[in-house]
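Protein chains in written order, with the numbering used here: chain C, 2 to 350; chain U, 2 to 350; chain W, 2 to 350; chain Y, 2 to 350.
Virtual Cβ for every residue (Gly too), placed ideally from N, Cα, C.
Protein chains: 4
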Amino acid sequence: MTGELTTPVPTRWVGPLHLSGDVAGEVEVPLATYESPLWPSVGRGARLSRLVPDGIRVSVVDERMTRSTLFIAPTAAAAVAAGRDLEDRIEELGAVVQDRSRHARLIEIDTEVVGHLLFVRFALTTGDASGHNMVTLAAEGLMDHILRGHPELAYGSISGNYCSDKKATAVNGILGRGRSVVAEIEVPAGLVVEQLRSSADRIVALNTRKNLVGSTIAGALRSANAHYANMLLAVYLATGQDAANIVEGSQGITYAERRGEGDLLFSCTLPNLIVGTVGNGKDLPFVEEALERMGCRDAGAPGSGARRLAGIVAATVLCGELSLLAAQTNQGELMASHLVMERRSATQS
Amino acid sequence: MTGELTTPVPTRWVGPLHLSGDVAGEVEVPLATYESPLWPSVGRGARLSRLVPDGIRVSVVDERMTRSTLFIAPTAAAAVAAGRDLEDRIEELGAVVQDRSRHARLIEIDTEVVGHLLFVRFALTTGDASGHNMVTLAAEGLMDHILRGHPELAYGSISGNYCSDKKATAVNGILGRGRSVVAEIEVPAGLVVEQLRSSADRIVALNTRKNLVGSTIAGALRSANAHYANMLLAVYLATGQDAANIVEGSQGITYAERRGEGDLLFSCTLPNLIVGTVGNGKDLPFVEEALERMGCRDAGAPGSGARRLAGIVAATVLCGELSLLAAQTNQGELMASHLVMERRSATQS
Amino acid sequence: MTGELTTPVPTRWVGPLHLSGDVAGEVEVPLATYESPLWPSVGRGARLSRLVPDGIRVSVVDERMTRSTLFIAPTAAAAVAAGRDLEDRIEELGAVVQDRSRHARLIEIDTEVVGHLLFVRFALTTGDASGHNMVTLAAEGLMDHILRGHPELAYGSISGNYCSDKKATAVNGILGRGRSVVAEIEVPAGLVVEQLRSSADRIVALNTRKNLVGSTIAGALRSANAHYANMLLAVYLATGQDAANIVEGSQGITYAERRGEGDLLFSCTLPNLIVGTVGNGKDLPFVEEALERMGCRDAGAPGSGARRLAGIVAATVLCGELSLLAAQTNQGELMASHLVMERRSATQS
Amino acid sequence: MTGELTTPVPTRWVGPLHLSGDVAGEVEVPLATYESPLWPSVGRGARLSRLVPDGIRVSVVDERMTRSTLFIAPTAAAAVAAGRDLEDRIEELGAVVQDRSRHARLIEIDTEVVGHLLFVRFALTTGDASGHNMVTLAAEGLMDHILRGHPELAYGSISGNYCSDKKATAVNGILGRGRSVVAEIEVPAGLVVEQLRSSADRIVALNTRKNLVGSTIAGALRSANAHYANMLLAVYLATGQDAANIVEGSQGITYAERRGEGDLLFSCTLPNLIVGTVGNGKDLPFVEEALERMGCRDAGAPGSGARRLAGIVAATVLCGELSLLAAQTNQGELMASHLVMERRSATQS
């Protein structure tokens, strides 16, 4: 049976991470990856989180899923007029969405006109689903409805790339797509030395020079971090997410400041975490099990499971990011630890 | 044994794809994904490739892996002078690389100065490995060597984000990172109608409006496509690649033109395919098997296996991209086919 | 008297342009530039506009000026909480603005949190002024007010670069800054041949390949045009504008389609035209005169003069853009016409 | 005579600036602008430069002008093959350039293939000219020559936007266009307090939070500064430059670090200064006079005048940038000083 073929990606649970804020308590995290050094690297951050009073403080800032439809108008003026009309009729369009879905709610409409092309970006909340299919279904209903009311418009595309899904763009960070989360840790000076073999000043300098200046000359787009994509891929795979969304997920910002006498205030801001606890892939047994072990399947208000998952993902990213940056402050440490870790993991597995 | 835990990602082989040019013949491709509609979608493109004389024409344009180191100079003038000196001494630095590695070859040095910060981007060929570790190891040796010869410089970072790895940036597309591949297909007008339920004119219009104009307003960065990331993730996972590299992999360009009396010339240009047939993850049994079945383990000149793999990946992306775009030219088709496919795949598995 | 020194930039009036839509009638436009070929180039587009029934159709889509302030919070959670509070209190903050200004009106607040940094972007309408000083003054009042009500926040900066002023960014196009205008012309096939020495198909192909694909590989940011900056600079200088705003002004999109039997539908979409008819530089005698001759000083509702000016600017951009693109469809034409024009202008002046 | 009409932009000479490094000595700079507060702002930086031993240290890193031509190939493979052939024949192509021009020298060819489109970016040195026309003329000759040797290629465009001229892109900063200059100043702690009313720590913090983090969330492209465009526009206008090139000129990076006991190391890195001392606009009497007064017309090796001008421009940018940033570290200072300056300038003029 070809249906039974699977790709068994090596996986380990790391942690627990100590969290506070919008997600609280201790939680272990599964990481599916071919890059075994990722496990001890995130593990080091997790250990640090348990040594700090508040652990990693998590704030979930926003949530939404989007789809941008494309209509063709006869003229630019007609495109502008239709766009204004749609923004004015958001309540009516919201009702169209609600008629077709139990969970989807229309919360915002953004229109952009280029010549006689009209792009209409719909933002919806989608409960505990990441919402890809929910917004596509909603967008189809909305297009039908809009085209009936605007005979001057023609169908352009169900997706006009102003959404934008799994692409490196600026719109998602600015208008929002997925869950926006900030994870933050405050590490006393002594622990920075002892656990991270570095100092606040050196980590701050590295973050400025590498993540901010280096990314700038690389022509980075709303992206200033060392390796968010690694942690995102590993958690996404292990929890049944559509891991292609690490593309926009990778566009986040690491920020560090020295506090007091050498303490380190370190944060990871991730505006585009696209995760769900229901939907495609989430009913696979190992995914169910992982989500339950992480406490993301407990009954709660719609969206609370996915919100918790997003918070845990952000904290996991922080663990791996801080660990790697600290290592890079020391000449020669990265390769040495990689080699040790790969040897160790080879022995164990 | 935690070491034995795996995340079993559902996988199917699709195809065969019919290829010509730098990679020739028929080849099946494994796709590991939670998004089951991807299989029939790529499958449709593969079928089309078998109906066309040349199939999908593949050109492998370039190959290299990069790492950018960061040095701190006392002044901007010192940074500029050191940068010039390093570019002049590329042969000497190449020898340093060769001393530490059988496969790595230094082919280019790019320096960028920001104030007194000196970023030095090393480009190497790395045989059949994707080369992440090889360039890091080489960069460490190079930094040691350079710091000995330039006592005025201090260690900044083994990676200064001008590499750049798994981040949405412009530098990789412009200076090169990974394998750069163009895949192209020429579809007679009749087949466009019959197999894709569309026309060359409609696909060209959609590509211009959505992938080019829509991406532009989204603030895309060197990215003009519908969903490269989906196909990349699936092949990368099934062949043991570090799939976090889909971030830069996703930054490619779909281009379409009408030829003659309604034929379609359709291409996918992927400047940043980071794949290998040896190294991390490649010795897992199912990866070995997959690479062999794809003909990427046949003895050949160093790099020939990874080049073949890169070509196959690009062709696979083309299959899925063309299939989705064709579907989006028709109002209502995307969701309908998604639902059918998900139902079908649910029945089968 | 040093105060009397001026730089006399060569200037000509071109046109008249024939306009319809949000700006209607015939209007001449002054162009101050050292690049004399710009005059006949825009002049060719203007002549074409007079040969077409509707001339250039102008739509003014939006208007606002922005300033993003920066606050420092003790923690990320505090930054998020304060940001939410400010968005909730937009009416109160609007009153603060109105107390200090006759013309400024607060219309939107966008907050972005990075770690414990809180960026607050205020959008205001500013009547007939471009509004740089008006929004800075308003932002100062708002910061004072906010810091009194939020003792946990500290002053970060009156401008946090999320505004963003005179920089190449994505935020202005997406959230809006300045006046957003679309200019469009529909040229019958015969006139495309006769006046532009080209065809709709060739202009469409060039626009796709050069402005869309070429800009994409150049790593352009929300920018797909040949030379908007040239026309913007020339009109801005001649009308007393702060011409450094051509940086964001240059980020616009040229779009072209073939209509019917070879007619050309051609548009320029300019989301960030920052112009005013009052304020800095507008009381210089030659500026007064220019604005009056263009009909931008006629009494009208607040903002109507600046809106008219923005519409005229967009139409001028279209004239020069269409003329240059048409020239570039013909091998050898650009240089030949440049040489002729420079010789001609040398003779005349 | 319409030919005699000019736009008299208010102009003042500021300084002198004290320079060292690739440009040395004291030099005054003319600033043409409608924004009068710019004069005292740059003036403050200039005064500071005279109080510091080395003044502003200037490094000219690179120089070139570029034009990217576009060819249409029958297939992607043909485009790739032709591109490789051209890169191999750089010496032959260099001779073609030299045959048509006394000053232009071909120094680099970069090819990019998208599907069957071949973009060829030629980089030339152009002596003391900014080089716009020189590269266009050279590119025309090169296209003629190439099309004769490659009958399979068709003319696409004399400019394919991969140049790229006056557009916000990444390619210019990465591959180079114009003169690349770093200007740097080291200010003792006492002078930071006395002259700038600030401290190294506060200026460093502001630069990180505003210019680096704030620009990142704005979706900036290779741009991290407060207002380079203002200074660039003013010097460009006063010295007869094509000021539309401030678009790419504005894409530079301000970087600051604390040194020792509170000294400030502050730099402006400007990769894309497009200036000349001969060519269009440079023979206007007031331009001649300005260039002579700045020492940019002294006989010297070809290019030395333009190099000196580029260095002076970068130093001028530094003066204005440091002055504004220092002002923004203090709540309320920006608006207060603006108002004072505008009042003062109103009185004087």
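Residue contact check for Ser160(Y) against chain U: no CB pair falls below 7 Å. According to the DSSP assignment, Leu20(W) belongs to no alpha helix (DSSP H) but to the beta strand (DSSP E) extending over Thr7 to Gly22. The alpha-carbon separation between Ile313(Y) and Asn134(Y) amounts to approximately 24 Å. Secondary-structure assignment with DSSP links Arg68(Y) through a beta bridge to Phe123(Y). For Thr137(Y), the enclosing alpha helix (DSSP H) begins and ends at His133 to Gly150.
If you keep only unbroken beta strand (DSSP E) runs of at least 3 residues inside the region 160-230 of chain Y, you get 179-188. Exposure of Ala302(U) is indicated by the presence of fewer than 16 other C-beta atoms within 10 angstroms of its C-beta. Under the DSSP assignment, Cys320(W) falls in the alpha helix (DSSP H) whose first and last residues are Ser305 to Gln329. If you check the CB distance, Val115(Y) and Leu125(Y) do not come in under 7 Å. Per DSSP, the unbroken alpha helix (DSSP H) holding Glu293(Y) starts and ends at Pro286 to Arg294.
The residue from Ser199(U), Cys320(U), Arg180(U) and Gly26(U) with its alpha-carbon nearest to that of Ala130(U) is Arg180(U).
For the region 285-302 of chain Y, the set of positions with a beta-carbon nearer than 7 Å to some beta-carbon of chain U is empty.
At a cut-off of 7 Å, the C-beta of Thr278(W) has no neighbouring C-beta in chain Y. With contacts defined as CB atoms closer than 7 Å, Ala206(U) and Val193(U) fail to qualify as a contacting pair.
The Cβ of Arg210(C) sits closer than 7 Å to at least one Cβ of chain U.
Here Asp55(Y) carries a coil assignment [DSSP, helix/strand/coil]. Beta-bridge partners of Thr255(W) (DSSP): Cys269(W).
Not one beta carbon of chain W lies nearer than 7 Å to the beta carbon of Thr330(U). Rounded to the nearest angstrom, the Cβ distance from Val43(Y) to Thr317(Y) is 6 Å, consistent with a contact under 8 Å.
Comparing alpha carbon positions, the residue from Gly333(U), Arg203(U) and Ala291(U) closest to Thr8(C) is Ala291(U). Taking C-beta atoms as the reference points, Leu138(W) and Met336(Y) count as a pair closer than 7 Å.
Secondary structure at Glu113(C): strand, using DSSP grouped into helix, strand and coil. Proximity of chain U to Leu234(C) at the Cβ level (cut-off 7 Å) is accounted for by Ala244 and Ala245, in chain order. Non-local beta-carbon contacts of Arg51(C) in its own chain, meaning distances under 6 Å to residues more than five positions away in sequence, involve His19 in chain order.
Boundaries of the beta strand (DSSP E) around Ala155(C): Ala155 to Ser158. With a beta-carbon spacing of about 11 Å, Leu119(Y) and Gly215(W) fall beyond the 8 Å limit used to define contacts.
Pairing Val172(W) with Ala219(Y) gives a Cβ-Cβ distance under 7 Å. Boundaries of the beta strand (DSSP E) harbouring Val30(C): Gly26 to Ala33, taken from the DSSP string. Rounded to the nearest angstrom, the Cβ distance from Ala169(Y) to Leu222(Y) is 6 Å, consistent with a contact under 8 Å. With 16 or more other Cβ atoms inside 10 Å of its own Cβ, Pro31(Y) counts as buried.
Within the model, the alpha-carbon separation for Val97(U) versus Thr67(U) is close to 16 Å.
Annotation for Ile247(U): the continuous alpha helix (DSSP H) segment containing it runs Ile247 to Gly250. With distances taken between CA atoms, Ser268(U) lies nearest to Arg58(U) out of Ala78(U), Arg58(U) and Arg309(U).
The three-state secondary structure of Asp100(C), taken from DSSP, is helix.
In the DSSP assignment, Ser60(Y) is bridged to Val183(Y).
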